[in-house]
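Residue numbers (our numbering): 111 to 428.
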């Protein structure tokens, strides 16, 4: 009898270890990708492509949910990932500000620099400063001179975000201040046409429909100019000595997510980023696409942390 019971117990355990993991194999239920911005920009477009490919690859529903945060930037949306289980079913498509600005300035709920783990970084934005085509200034020096005697309104995606900070630091270095500033969920052709702002901090993708009618004052792309505005000098060129990190986006999961889960997400994302479709988007928008896995992503974050810290100290926020 004891032998029989042992055999039954052994069979039960064997069945558990064979069937259990198979039943719990990731993904076994719908997966959500959180984009903390409105639809339409490069991170949204690319993340949707990744979600579509994820669904085809693994046979489960995968959807992008846009969670714009208004003046709170990406943090209200990022909170969806922070508050979710570390199981890979809620994935964040985050800009540089989430893993760096949050802990540096102590955004509530984001003080821990290890709150999220990078699956991979996939784009550097073609960020730029733009004004209407009839603006009485065409570069940063002319803007600085004009702002000495006129109020200039700046539109941006959030005061705490790196492109916004870079813009304010550049203004400080050039000896001027904006007359007013406001955060918008979307900074596009309508923002300028409506008069909501005189100068906007945005990406080339969001103003492509009217790009030929705008005056691009500078690009915020590190040392490299964009392919869609090759004749426009970068902010670094126009304001020597400022240390500006690149403006990127990547996929992140909550700390503690199993490695096999991160690997499955990365396998799909890496394939999408290397596709002809993304190559065409890069050509059309000036976006710089690539794939940096966790090790490279962490190294990039460490470098950009130092640059961001310099900017925050320059502004008196640290």
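Just so you know, even glycine gets a beta-carbon here, dropped at the ideal spot from N, CA and C.
query: For residue 151, is the classification buried or exposed, using 16 other Cβ atoms within 10 angstroms of its Cβ as the cut-off for buried?
result: Residue 151 should be labelled buried.
message: Buried or exposed, going by whether 16 or more other CB atoms sit within 10 Å of the CB of residue 385?
response: exposed
message: Just to confirm my understanding: we take residue 287, look at its own chain, exclude 5 residues before and 5 after, and list those with CB closer than 8 Å. What are they?
response: 257, 281
- prompt: How long is the line joining the alpha carbons of residue 404 and residue 181, rounded to whole angstroms?
  reply: Each residue's CA atom was taken as its position, placing residue 404 and residue 181 some 30 Å apart.
query: Should residue 351 be labelled buried (16 or more other beta-carbon atoms within 10 Å of its own) or exposed?
result: exposed
- request: Indicate whether residue 292 and residue 264 have their beta-carbon atoms separated by less than 9 Å.
  value: yes
message: Please state the DSSP three-state secondary structure of residue 346.
response: helix
Between the CA atoms of residue 274 and residue 132 - distance to the nearest angstrom: With a pLDDT of only 37 at residue 132, under the threshold of 50, the placement of this residue in the model should not be trusted; the figure read from the coordinates follows. About 47 Å.
task: Would you tell me roughly how many angstroms separate the C-alpha atoms of residue 199 and residue 328, rounded to the nearest one?
output: 39 Å
message: Taking the alpha-carbon of residue 410 as reference, which of 166, 176, 205, 183 has the nearest alpha-carbon?
response: Distances from the alpha-carbon of residue 410 to those of 166, 176, 205, 183 put 205 closest.
- prompt: Which class does residue 399 belong to by DSSP, given the choice of helix, strand or coil?
  reply: strand
- prompt: In three-state DSSP terms, what is residue 374?
  reply: helix
- request: Let me know the beta strand (DSSP E) ranges lying completely inside the stretch 129-173, each 3 residues or longer, listed in chain order.
  value: 141-145
- prompt: Leaving out five residues before and five after residue 189 in sequence, what residues of the same chain have Cβ atoms less than 7 Å from its Cβ?
  reply: Hits under 7 Å: 219.
task: Just grab the DSSP bridge partners of residue 266 for me.
output: In DSSP, residue 266 forms a bridge with 293.
query: Within this structure, are the beta carbons of residue 192 and residue 173 separated by less than 9 Å?
result: no
- prompt: Taking the C-alpha atoms as reference points, what is the distance between residue 398 and residue 233?
  reply: 5 Å
field: 7 Å Cβ shell around residue 340 - same chain, five flanking residues per side excluded
entry: none
- request: Would you check if the distance between the CB atom of residue 277 and the CB atom of residue 345 is smaller than 9 Å?
  value: yes
message: What residue range does the beta strand (DSSP E) around residue 242 cover?
response: 237-242
message: Short of 7 Å in beta carbon distance, which residues of its chain neighbour residue 207, apart from the five on each side in sequence? Order them along the chain.
response: So the qualifying residues of the chain are 183, 184, 270, 271, 272.
message: Restricting to Cα atoms, I'd like to know which of 236, 423, 381, 283 is closest to residue 396.
response: Its Cα nearest to that of residue 396, the residue 236 stands out among 236, 423, 381, 283.
query: How would you write the range of the beta strand (DSSP E) that residue 278 sits in, first residue to last?
result: Residue 278: not part of any beta strand (DSSP E); member of the alpha helix (DSSP H) spanning 272-284, first to last residue.
query: Among the residues of its own chain, which have a CB less than 7 Å from the CB of residue 317, if the five just before and after it don't count?
result: 240, 298, 299, 324
Closer than 9 Å to chain D by CB, residue 342: Checking the listed chains, one finds no chain D in this structure; it contains a single protein chain.
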